[in-house]
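Notes to accompany the following structure.
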Amino acid sequence: MPYYRSVGDVPPKRHTQHRDAEGRLRFEELMGEEGFSSDSSLLYHREIPSAITDSRTWDLTGQDTTANHPLKPRHLRLHGLFRGDAWRDTDAVTGRRLLLGNGDVRLSYVVAGTASPLYRNGLGDECVYVEAGTARVETVFGALTARAGDYVLLPRATTHRWLPEGDEPLRLYCVEANSHISPARRYLSRHGQLLEHAPFCERDLHGPGGPLLAEGTDVDVYVKHRGPRGEVLGTVFTQATHPFDVVGWDGCLYPYTFSVHDFEPITGRVHQPPPAHQVFEGDNFVICNFVPRKVDYHPLAIPVPYYHSNVDSDEVMFYCGGDYEARKGSGIGQGSVSLHPGGHAHGPQPGAYERSVGAEFFDELAVMVDTFRPLELGEGALAAEDAGYAWTWAGRGPAA
Numbered sequence: 001m002p003y004y005r006s007v008g009d010v011p012p013k014r015h016t017q018h019r020d021a022e023g024r025l026r027f028e029e030l031m032g033e034e035g036f037s038s039d040s041s042l043l044y045h046r047e048i049p050s051a052i053t054d055s056r057t058w059d060l061t062g063q064d065t066t067a068n069h070p071l072k073p074r075h076l077r078l079h080g081l082f083r084g085d086a087w088r089d090t091d092a093v094t095g096r097r098l099l100l101g102n103g104d105v106r107l108s109y110v111v112a113g114t115a116s117p118l119y120r121n122g123l124g125d126e127c128v129y130v131e132a133g134t135a136r137v138e139t140v141f142g143a144l145t146a147r148a149g150d151y152v153l154l155p156r157a158t159t160h161r162w163l164p165e166g167d168e169p170l171r172l173y174c175v176e177a178n179s180h181i182s183p184a185r186r187y188l189s190r191h192g193q194l195l196e197h198a199p200f201c202e203r204d205l206h207g208p209g210g211p212l213l214a215e216g217t218d219v220d221v222y223v224k225h226r227g228p229r230g231e232v233l234g235t236v237f238t239q240a241t242h243p244f245d246v247v248g249w250d251g252c253l254y255p256y257t258f259s260v261h262d263f264e265p266i267t268g269r270v271h272q273p274p275p276a277h278q279v280f281e282g283d284n285f286v287i288c289n290f291v292p293r294k295v296d297y298h299p300l301a302i303p304v305p306y307y308h309s310n311v312d313s314d315e316v317m318f319y320c321g322g323d324y325e326a327r328k329g330s331g332i333g334q335g336s337v338s339l340h341p342g343g344h345a346h347g348p349q350p351g352a353y354e355r356s357v358g359a360e361f362f363d364e365l366a367v368m369v370d371t372f373r374p375l376e377l378g379e380g381a382l383a384a385e386d387a388g389y390a391w392t393w394a395g396r397g398p399a400a
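Residue numbers (UniProt numbering): 1 to 400.
This is the structure we're talking about:
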């Protein structure tokens, strides 16, 4: 996080005695990144945060992936993954279905209607995009409200849970990193402030408003963590007392929300390349968004993207609002994901290039993840694939 916050009851000097009204010591926990050399926060607990009474296996199924081979672009229809009313009994953590993944990042999708268990990701930060619905996200730092169009940024090892609100399904597109996720470095000063040319600023980032205190003993917390060969493993810790016992915290590391509707698009006389749409970055991947915007105003401009070869990256687009001009005629619609892998030249569907001439505004909403190592297909991708997408530029299927 680029700026410091102090919430609740903290002592005037760090690493010193902090007592309650009866004289009992609070227990200070440092939550920090990169071995004490990067952002951190200090949390003050009523009870010992390390106290567990049990540890058992969380059987994480559906985590295997398959290579995108033979290589081809893919189209996934995510709204078909959760049919009927099954979402009502599905939660936002254990119900996720893996779409795509590699050693740096995993992309999954879930439609949820019930409260999740307490959960922390011990592998990396999570950036969860809310496609639809509303939720209260309770965390060890306090509570967040997550609405349609919000990114929810959760630092590694933040204990939290998702509580859907209302009758509408909660649709989440989940980016799970094996690293930390932060605003793009080129938007930040050397001291971490968002600069004037950044398409958003600190006022657009919303952290917890106050401590969240809960009672309880022998409380289960679901944890994702690394295995000996880099695989994703799951464990359920039984905490001796409820982890939501933090009376105050301060620092520069905490969960927050950012609304895609607060992103100010960067436009120009001619078509701007995808990095102009970047929001966040992690190790070996970036997150961008395409929002409603005025488009290129050169008199000879072609507003849709030029055809481009992803020399160094796989490109994943999640189409979550509006009408994405460049993909008309492909079968892509709301709730679609496209995968355009490195080694394949891609761009607008037939006719979109010509139709865009003279356009002044695009009403579209999409979240893009570019990875710098190849993505493999998860079980969710295999279940949701539109098998004919790869041939839509040619207008016919594979050669006989």
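Backbone N, C-alpha and C define an ideal beta-carbon position, used for all residues, glycine too.
The C-beta of His277 has 16 or more other C-beta atoms within 10 Å across all chains shown, which makes the residue buried. Two segments are said to touch when three or more pairs of C-beta atoms, one from each, lie closer than 8 Å; by this definition the segment 260–277 does not touch the segment 159–166. Here Arg74 is near Tyr389, since their CB atoms are less than 8 Å apart.
Under the three-state reduction of DSSP output, Tyr389 falls in the helix class. In this structure, Gly95 sits away from Ala67, with a CB-CB distance that is not shorter than 8 Å.
Beta-bridge analysis with DSSP links Cys174 to Ser108, Val128. Per the C-alpha coordinates, the member of His45, Ser6, His271 positioned closest to His242 is His45. Scanning its chain for C-beta atoms nearer than 6 Å, with the 5 sequence neighbours on each side dropped, one finds around Ala198 the residues Tyr187, in chain order. Its chain contains Pro341, Gly343, His344 as the residues whose beta carbon lies nearer than 8 Å to that of Leu71, once the 5 sequence neighbours on both sides are disregarded; these appear in chain order.
Its Cα nearest to that of Ala359, the residue Val304 stands out among Phe200, Leu98, Val304. Three or more Cβ pairs closer than 8 Å define a contact, and the segment 162–174 meets that threshold against the segment 108–128. The shortest CA-to-CA distance from Tyr129 to any of Lys13, Gly322, Phe258, Asn284 is the one to Phe258. By a beta-carbon distance limit of 8 Å, Ala135 does not contact Glu176. Their separation comes to about 17 Å. The shortest C-alpha to C-alpha distance from Ser356 to any of Leu300, Phe318, Val152 is the one to Leu300. For Tyr353, there is no enclosing beta strand (DSSP E); the enclosing alpha helix (DSSP H) covers residues 352–355. With a 10 Å radius around the Cβ and a threshold of 16 neighbouring Cβ atoms, Asp245 comes out buried.
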